[in-house]
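Trainee:
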Amino acid sequence: MENASLVDEYGYVIDGKVFLKGYLHYPDRQIGEVKRTEQEALDYFKNRFIIAQNKVAQLEQDIEEAQNKGSYLTKLVQLRKKLTSFDAIGDFIPLLDQLDAQELILTDLIKSNQLKNLEIKRALIAEAEVVADSNDWKPVADLLQEIKLKWIKTGPVDKPLDEEVEGTFTGLLDSFFQRRRDYFNEQNKLITERLDQYDLLIRQAYRLTRNQNMDEAYAEVRKLNNAWKAVGEVPIKKSGKLYKQFKKATTIIYT
């Protein structure tokens, strides 16, 4: 800087190049070149500093007006990084101090919110644990869906705890819904087997209509009736249709 031809409080010109003076741990840095006169070049970059000031002021205003203030932490970090490489001449230290102060506020706020979120999520886990072992499938499934919606609406927790609470909650829901799937798969299998048994009894009943030995046919029908009652429940629409077919065959035998 000893050979500078034009010096300002925060910058200087040397050999047709414009420099920002170093600050904090950042060294002197070339930010531009002289296009016409050295003073114009210096003034141009001094005026650009207003842009940096406005960006910081705008971010502070946005944070102040925002409901979810914590969401601005990433933007703040990005702005700080941009400021340290922004081509302008001025006192950047107060701007960085402003961002540091805002970061402390946001960090404390985020920690506080994360603790509240952790309390909420642990309460939701406890609520899910009460019913997750139940076999009352429909109401419990509805309740767990409601709990899941509350979970989704709840913000994040501290990262070291996030995997634990998410894993616990997801495990509870997965276990219940897997048991429910297994149950209904087994029920569907059982219903299919029962329908096959009903079909078989209907076919047997129709075969009896061709039996010329009426005493034998009556005895077999009684056995078929008892077997029909022992098969078990199937969906009512199907059971009604099947029973009409069975009744039609047995009625033929009795007439």
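In my numbering, the protein residues as written are 243 to 497.
Backbone N, C-alpha and C fix where the C-beta goes; we use that ideal spot for every residue, glycine too.
Just so it is clear, the structure is predicted and the values come from calculations on it, not from any experiment.
Do Gly332 and Lys288 have their C-beta atoms within less than 8 Å of each other?
Mentor: Yes. Within cutoff.
Trainee: Use the C-beta contact count for Lys465: other C-beta atoms within 10 angstroms, 16 or more gives buried, fewer gives exposed.
Mentor: Exposed, because fewer than 16 other Cβ atoms sit within 10 Å of the Cβ of Lys465.
Trainee: Going by the beta-carbon positions, is the gap between Gln344 and Leu318 smaller than 8 Å?
Mentor: Result yes, Cβ atoms of Gln344 and Leu318 sit closer than 8 Å.
Trainee: Which of helix, strand or coil does DSSP assign to Ile273?
Mentor: Reduced to three states, the DSSP call for Ile273 is strand.
Trainee: Look up Tyr265 in the DSSP assignment and give the residues it is bridged to.
Mentor: Bridge partners of Tyr265: Tyr268.
Trainee: Which two residues bound the contiguous alpha helix (DSSP H) that contains Tyr425?
Mentor: Unbroken alpha helix (DSSP H) run through Tyr425: 401–450.
Trainee: Arg422 to Lys480, Cα distance in whole Å?
Mentor: The alpha-carbon atoms of Arg422 and Lys480 are separated by roughly 23 Å.
Trainee: Using a Cβ-Cβ cutoff of less than 7 Å, which residues in the same chain neighbour Tyr265 once the five nearest sequence positions on both sides are dropped?
Mentor: Within the same chain, Tyr265 has close Cβ partners Phe334, Ile335.
Trainee: Which runs of the alpha helix (DSSP H) spanning at least 4 residues fall entirely within the region 280–310, listed in chain order?
Mentor: Taking only runs of at least 4 residues, the alpha helix (DSSP H) segments lying wholly in the region 280–310 are 280–307.
Trainee: If distances are taken between C-alpha atoms only, which option among Thr396, Gly474, Glu369 comes closest to Leu357?
Mentor: The shortest Cα separation from Leu357 among Thr396, Gly474, Glu369 belongs to Thr396.
Trainee: Leaving out the 5 sequence neighbours to the left and right, which residues in its chain are closer than 6 Å to Asp400 when beta-carbon positions are compared?
Mentor: Contacts found: Gln356.
Trainee: Quick one: is Ala283 buried, meaning 16 or more other Cβ sit within 10 Å of its Cβ, or exposed?
Mentor: Buried.
Trainee: Mind checking which residues open and close the alpha helix (DSSP H) that includes Val463?
Mentor: Per DSSP, Val463 belongs to the alpha helix (DSSP H) from 456–473.
Trainee: Grouping DSSP H, G and I as helix and E and B as strand, with all else coil, what is Tyr512?
Mentor: There is simply no residue 512 to check, as the chain begins at 243 and stops at 497 in what is shown.
Trainee: Contact check, Ile352 vs Gly409 under 8 Å by CB: the rounded distance?
Mentor: Wrong, their Cβ atoms sit about 22 Å apart, outside the cutoff.
Trainee: I need the DSSP call for Val476, collapsed to helix, strand or coil.
Mentor: Residue state, collapsed to three classes: coil.
Trainee: Out of Ile347, Val255, Leu437, Ala299, state which residue places its alpha-carbon closest to the alpha-carbon of Asp285.
Mentor: Ranking Ile347, Val255, Leu437, Ala299 by Cα distance to Asp285 puts Val255 first.
Trainee: Output the boundary residues of the alpha helix (DSSP H) element that contains Arg322.
Mentor: Taken as a continuous stretch (DSSP letters only), the alpha helix (DSSP H) holding Arg322 covers 315–325.
Trainee: Let me know if Tyr252 comes out buried or exposed under the rule of 16 or more other beta-carbons within 10 Å of its beta-carbon.
Mentor: Under this definition Tyr252 is a buried residue.
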